[in-house]
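Novice: Dropping a structure here in structure tokens format, bear with me for questions.
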Amino acid sequence: MPLDVFPAFAPPQVEVQVEASGLAPEEIESLVTRPIESAVNGTPGLVSLRSSSAIGISAIKAVFSWDTDIYRARQLVTERLQGAKLPQGVGQPEILPVNSPLGWAVKYAFDAESTDMMEMWRIVNWDVRNRLLAVPGVSNVFLYGGDERQYQVLFDIVSFARFVFPIREVFGSKNYCTSTKS
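Below you can see the structure in the form of structure tokens.
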């Protein structure tokens, strides 16, 4: 084991996270977590897999033997994830940054009676998260929960039949309205 100010007291680990908004923990487990575990299982040097499935998120930790190079392990896991069959609408698996042996340092919960959950999520995502990421030594900030803004287009087909343009134009305009322009 190499000498270090904070020597590794845990074997190399690769953490994978997948967001799947709107799915219950049971659905996350069967549709997201298990396919990823199956894809990663058998990776050279893999000692164990640990996973957690919660509302809208799956977290998988692949633990490797002590002699495994962490960057090689990350590459192998990345390659294996390409073979995971995940349902449509589920986010791409994200390999989390290499953490120090100390791992998580701080966890916060935000709550305010005077602010709704959607506004709270916006404040934390755009203001608090960016300020924390600007602090030297902070490698990542993860958000769980909250209500992310979404747009819904609902129409009455009977009323819509009076208009002369095709319905596909409505769905095309939805993409135009939500895209980023510079």
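According to this note's numbering, the sequence shown is numbered sequentially starting from -2. The beta carbon of each residue, even a glycine, is placed where N, CA and C say it ideally should be. Computed from a prediction, not measured in an experiment: that's the story for all the values here.
Hey, is the stretch 127 to 134 in contact with the stretch 35 to 49, meaning 3+ C-beta pairs nearer than 8 Å?
Specialist: No, because fewer than three Cβ pairs between the stretch 127 to 134 and the stretch 35 to 49 fall closer than 8 Å, the two stretches do not touch.
Novice: Please name the residue in R31, K104 and D64 whose C-alpha comes closest to that of V135.
Specialist: Here residue 135 refers to the residue found at position 138 when the sequence shown is read from its first residue. The candidate whose alpha carbon is nearest that of V135 is K104.
Novice: For G190, is the classification buried or exposed, using 16 other Cβ atoms within 10 angstroms of its Cβ as the cut-off for buried?
Specialist: Here the chain comprises residues numbered -2 to 179, so residue 190 is not present and cannot be evaluated.
Novice: Under the three-state reduction of DSSP, which class applies to R31: helix, strand or coil?
Specialist: Taking the first residue of the sequence shown as position 1, residue 31 is located at position 34. Residue state, collapsed to three classes: helix.
Novice: In this structure, how does DSSP classify A121 when only helix, strand and coil are distinguished?
Specialist: On the sequence shown, position 124 is the one that residue 121 refers to. Residue identity differs from the one stated: residue 121 is Val in this sequence, not Ala. Of the three classes helix, strand and coil, the one that applies to V121 here is helix, per DSSP.
Novice: Does the Cβ of L140 have 16 or more other Cβ atoms within 10 Å, making it buried, or fewer, making it exposed?
Specialist: As a working mapping, residue 140 is identified with position 143 in the sequence shown. Exposed: under 16 other Cβ atoms inside 10 Å.
Novice: DSSP state of S156, grouped into three classes?
Specialist: Translated into the one-based positions of the sequence shown, residue 156 becomes position 159. DSSP places S156 in helix when its eight states are reduced to three.
Novice: Name, in chain order, the residues that DSSP records as bridge partners for A59.
Specialist: Looking up residue 59 in the sequence shown gives position 62. DSSP, once it has assigned bridges, lists V11 and L46 as partnering A59.
Novice: For the alpha helix (DSSP H) holding T20, just list the boundary residues, first then last.
Specialist: Taking the first residue of the sequence shown as position 1, residue 20 is located at position 23. Reading off the sequence shown, one finds Leu at residue 20, where the question assumed Thr. Premise fails: L20 is in no alpha helix (DSSP H) and is neither H nor E.
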